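Take a look at the structure below.
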Amino acid sequence: MINRIILIGLFVSIIKGQIISTLDTINVLPYSSEIKLQHNLIIDTTFSILKQDTDSIEYSLDPINGLFFIDNQKKRIQSIIVKYDYYSIPLPTKIGPKWIDLPLVDSLIINHDLSNNIELTSYPIAKEKESIYSSGTVFRNLNISPRGGSEFSGGFQMQIQGSLGNDIVVGGVLSDQNFPIQPDGNTSNLDEIDKIFFQINHNNFEVTAGDVDINIESGKYLNVKRKTVGINNQFKYEGVAGTGAVAGSKGIMHQIEFKGVDGKQGPYSLTAKNGNKDIIIIAGSERIWLNGVRLYRGEDYDYTIDYSLGEISFMPRNIIFFDSDIYIEYQYADEQYNRNLLTSSINKELNNKGNLQLSWIREYDQTLNTNNEMNSEAISLFKDLGDKEIFVSGAQEDSIGIYVFIDSIYSFDSTNTIIGQHYQVSFTHDSKNGEYVRKLSNSGVLYYQWVDRQNIELSNKSIDYYSPVRQLVAPESHQLIQALSNYRVNNWLDLSLELALSEYDKNSLSKIDDNNNQGIGHQIKISGDQISLNNNIIIGYEILQWGRNKRFHSLQRDRSINFNQDWNITPIYGENELMQNINSKVFIDSLLLINTNLSSYKIGSNRKDRAQLDFKGSTRFFNNISGNINQVRSNNEYYQTIDFNTKLFSGSIHPVIDYKNEYSDKLYHFNHLTSGLQFNGQRLQSILGFGRREDFVYNDNKETLFSKGYFGELDIKFKSLSGWNHYVIYRKRIKTEFIDNQKINYDLLQARTFIRKPRIPLRFDAKFKIEEVLTEERMTVYDSIGVGLGTHRYDMQFEEYVPDPNGAYIAYTVLSGSRIPTTKFEGIQRLEYDFSKKYKTFLKNIKYRMDWKWDFNGNDFHINKYRENNLNSKSVVRSKSKLLNEISYLNQNGHQIKIWNINERDLNSLDPRGPDLRINNENGVDYLKPIINEMHFGLKLDQHRKNIKSSFSSLRDRSTAGYWSEIGLKKRFSSVLHIEGYLQFGYDAGTHQLNNFSSSLKGVQFDLLHFFSSKGRIQTRFEWSNVNLFGEARYLPPEALRGHGIGENRRVNINGNLFLKDNFSINININYISDIRYDNFINLSGELRAYF
């Protein structure tokens, strides 16, 4: 009341202001509680809400500052219109003589009375949220190594969201970091940790900058999906809408279509337009169809993808046949050019009857400021040869090269002992004309070897071939202009006209061969979709014609996925096309839909006519029934497909029948019949089916049975009352090919059983998978990058690269290109049992845990084969398993005991030189007991046995057995100081290189952890040990005594973290090591990080 009296007094005596009425439209963000109105000094008695799209709103008002507070905000956005009066001239916020605001003359005056300074304030209001929220980090990293040099890196990341007023909402994630790691492609949702964007939203427009997905679906010829980095804008105002984008494409869009390999679920390789396999697939850009059905990513769905290798594998739910039609669209990056994308579109509504649209898009390769500078010779070739393919030799003369050119063949010469001119040669993937295959020498050097492709043994294998030449890829330019009009006269008549002009230049650096760059395409459509004959029957029709000349190029797919299969054609490019189509639809109540189609298709001088009938319905007897009949005729061809399936009866039990027939005149035909039973219960859903397929071919106009196959499928999904969940996908296939006298018999399985409830002691999760795959040999290559910067070191005594965090080498995998069909069996079991949830006795302090993982890949699979340790086995590619059993005890007094056992084995035949076998068995116990105030006694013991055998190098054979023990004390002096100290004893004995050895270790380990209140901490570890070697051997295996070297070993690690003013931190890590391998090696790394 006092505030209002002061406000009225000021208005009457001081200000001769003006009162203005206004309207505000407010878009409220979810969970917003405070909105800033457009004006201050509001007369609160005039404030009212005129329009809202939600229930009544409880609110409060700060009239002085123009703040509107919502007390019952909903989760979804609200649109609110408010009306109020306000003073147009601002009021003074202070009353009193102005000399009071002058600085004090006597600086010694400490206590001064400013009671005459009276401030006008509104009643107290607690502000819950600001209009804009932002947070983020800025950091810089420094890594210094005396042998590896120094490295400086850093980054910036910020998140922002909120409202700017005037119906404008902003949000985004900003960063200057580059994440080279692709997300895993085995889940339905990708972890796009590197997505960066900034977005502004308004009722009439939306602007997005950063990582932008361009999705344009307009008519027939303009359907574009790209993942880009740039700016995308959309607006809509008074019936006019438009879009525009300026962006750099993350990769090149490509699509491939191919047949499956009989019974092989994958992996299937994705390539560049020129066949290059060394590409990276842009994560999330792929779209996959199998026999015309869209598939979805994920181990629990249809397929998985390795984006880095460009490989796709199909899950067991979909069996891949030799005639399975696989269609894939994807973007890939190959480090050739930076590709830019420009789009613009304007759309005008026609009185709610239709629209007129004009669109333009251009996609082109940027030739300036590319990552790889083009040399003058390549530019000259591009300018002089026009659109022709350009190949150059990958060989360069080099006296120390590893290849010798003899009889038109490049031969590998690692020792430089063969007489002749030596070369350094770059090989590229060439599936058509390549005559070289990848190999790995015994010393670990990757090289290429010439082979005779006429060899029958090679012709039956899946091998990648390479050539000592490389193709120069010219920069491309592609643009398209589209005019589109749609107009709806009434329910009986819709008109649509589309015209598209394309310009595609295969070599934008050359003016040669540019006379065939422009093309034109059109589509005319007349249709009606709601013609009612009576209350139960509605009909629709469509008359369509589309065509394109041979110079027209679409930016992406402009026809249905099954177009080539429906017309029984192979893709033909560079010919005129014309399609004419008449289609009708009949809807009979909700019972039946009938669709008929008559069409004619002409490509070049070839013409085909097609008739198609589709129907789909549902009755009390036929729960679901559908079918498709497709016939294609031409002068010398008759092609027909029949697809029929039905599900009988209502209720929960349904017999199902599926029949497929395909016939190509005088070439082949097949029949595929599947029948089964489907159950849909509340807790159990299952499908059991059996199928039979017969394939026939024609030889000299005689029908011959080519193959006969049988199929079985079982799908189960069950949830019990006790909380157990089960699902099983099982496929069985048996096939006999009579002409080639081959037999196929395999199983596909994917299953899971799990239980996880908070109140029961048992937690269990088991997954199994059996599948048929094509396994490609993988070669591990090591590259030196400097001591302390790698992950491995080379041990010349054992001819092996050993994992070492201070090593000088990094490892990367190279595919050999040679594939073999194998069976893959993998699984994981996890079991936990918490006795405290069932028992109140001594057992309540006990927990049990079991982890078991296994992975088998090979031939002639049976369920127990993954246990075999036969080093000479030719049928095993990889067989590994790891079993962990652990029992832990913890009582209220802090007394802890943990007993564990580990069994590991790894039979690895992926190395082309031969298989290795590694076996590891460990048993251990950890003991911790409180003795006096904040002091604990600790004991760690483990007994182990390790064996390593190699089939190609006896120097790698070795075995060790022994124990490791640590005994010491842990002391907590205060909440900020913790100290640990342990005495270490180790013993290992065994053999290597036919020599016996024994070794012992004595050492000490000291740990200190100190907290600087809440500002930071420092953690230090000091280790000293001395190792003695006895026996015939001169070297100690890398597995013995946990990797410690012979003699004295000293290691120090210091890690510090300090916070300054709660928004700035310093992290420092110092690592020191001195032993027989590293002499006084120091590595220093630090990070400065700011938070805001």
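Position one of the sequence shown corresponds to residue 417 (my numbering), numbered consecutively onward. All C-beta atoms in this analysis are idealised placements derived from N, C-alpha and C, irrespective of residue type, glycine included. Since this is a predicted model, take the numbers as computed values, not measurements.
Cα atoms of E633 and L913: separation of roughly 15 Å, rounded to the nearest angstrom. Contact fails between the stretch 1201 to 1216 and the stretch 1283 to 1303, because fewer than three Cβ pairs, one in each stretch, are under 8 Å apart. The C-beta separation of L1009 from K1032 comes to about 5 Å, placing the pair in contact by the 8 Å criterion. Here I822 is exposed. Its C-beta has fewer than 16 other C-beta atoms within 10 Å. Remark: C-beta atoms of L1333 and L1323 approach each other more closely than 8 Å. DSSP, reduced to helix, strand and coil, places W1140 outside both helices and strands of the structure shown, so it counts as coil. Contact between Y882 and W866 is absent: CB atoms are separated by about 10 Å, not below the 8 Å threshold. Secondary structure at E779: strand, using DSSP grouped into helix, strand and coil. Bridge partners of D1199 according to DSSP: I1226. Leaving aside the five residues that flank K1296 on each side, the residues in its chain whose CB is nearer than 6 Å to its CB run, in chain order, D1271 and D1322.
With a cutoff of 8 Å on beta-carbon distance, D1181 and F1170 are scored as near each other. Of the other Cβ atoms in all chains shown, 16 or more fall within 10 Å of the Cβ of T1239; this residue is therefore buried. N620 and G660 have their alpha carbons spaced roughly 14 Å apart.
In the three-state reduction of the DSSP assignment, N692 falls in the coil class, being assigned neither a helical nor a strand state.
Distances from the alpha-carbon of K966 to those of I947, I940, I942 and E993 put E993 closest. Spanning the alpha carbons of W1316 and V1420 requires a straight line of approximately 24 Å. Nearest to L917 by alpha-carbon distance, out of H969, G714 and V1230, is H969. Taken through DSSP and simplified to helix, strand or coil, A916 comes out as strand.
Within the stretch 1311 to 1379, the complete beta strand (DSSP E) segments at least 3 residues long are 1312 to 1324, 1332 to 1348 and 1351 to 1366, listed from N- to C-terminus. Only buried fits V585, as 16 or more other CB atoms lie within 10 angstroms of its CB. A contact between stretches requires three or more CB pairs, one per stretch, nearer than 8 Å, and the stretch 729 to 742 fails this requirement with the stretch 760 to 773. Residue range F979 to W983 is occupied by the alpha helix (DSSP H) that includes N980. Residue environment: F674 is assigned as exposed (fewer than 16 neighbouring CB atoms within 10 Å of its CB, all protein chains considered). Rounded to whole angstroms, the separation of the alpha carbons of K693 and Y746 is 14 Å. When secondary structure is reduced to three states using DSSP, K1183 falls in the strand class. Beta bridge pairing from DSSP links N1485 with N1471 and S1501. Unbroken alpha helix (DSSP H) runs of no fewer than 4 residues, entirely contained in the stretch 1021 to 1099, are not found. In this chain, F1214 is not harboured by any beta strand (DSSP E), its DSSP state being neither H nor E. Going by beta carbons, E1187 and P732 fall inside the 8 Å limit. Put simply, of K1148, L1089, F1438 and L1231 the residue whose alpha carbon is nearest the alpha carbon of G1107 is L1089. Rounded to the nearest whole angstrom, the C-alpha separation of S1415 and V1443 is 7 Å.
Between I1004 and I1041, the C-beta spacing is not below 8 Å.
Under the three-pair Cβ rule at 8 Å, the stretch 833 to 840 does not count as touching the stretch 901 to 912.
Apart from the 5 residues on each side of it in sequence, K666 sits with its Cβ closer than 7 Å to the Cβ of K643, T644, V645, I698, Q747 and A749 in its chain, given in chain order. D1404 places its beta carbon less than 8 Å from that of A1377. Under DSSP, F807 shares a beta bridge with Q887.
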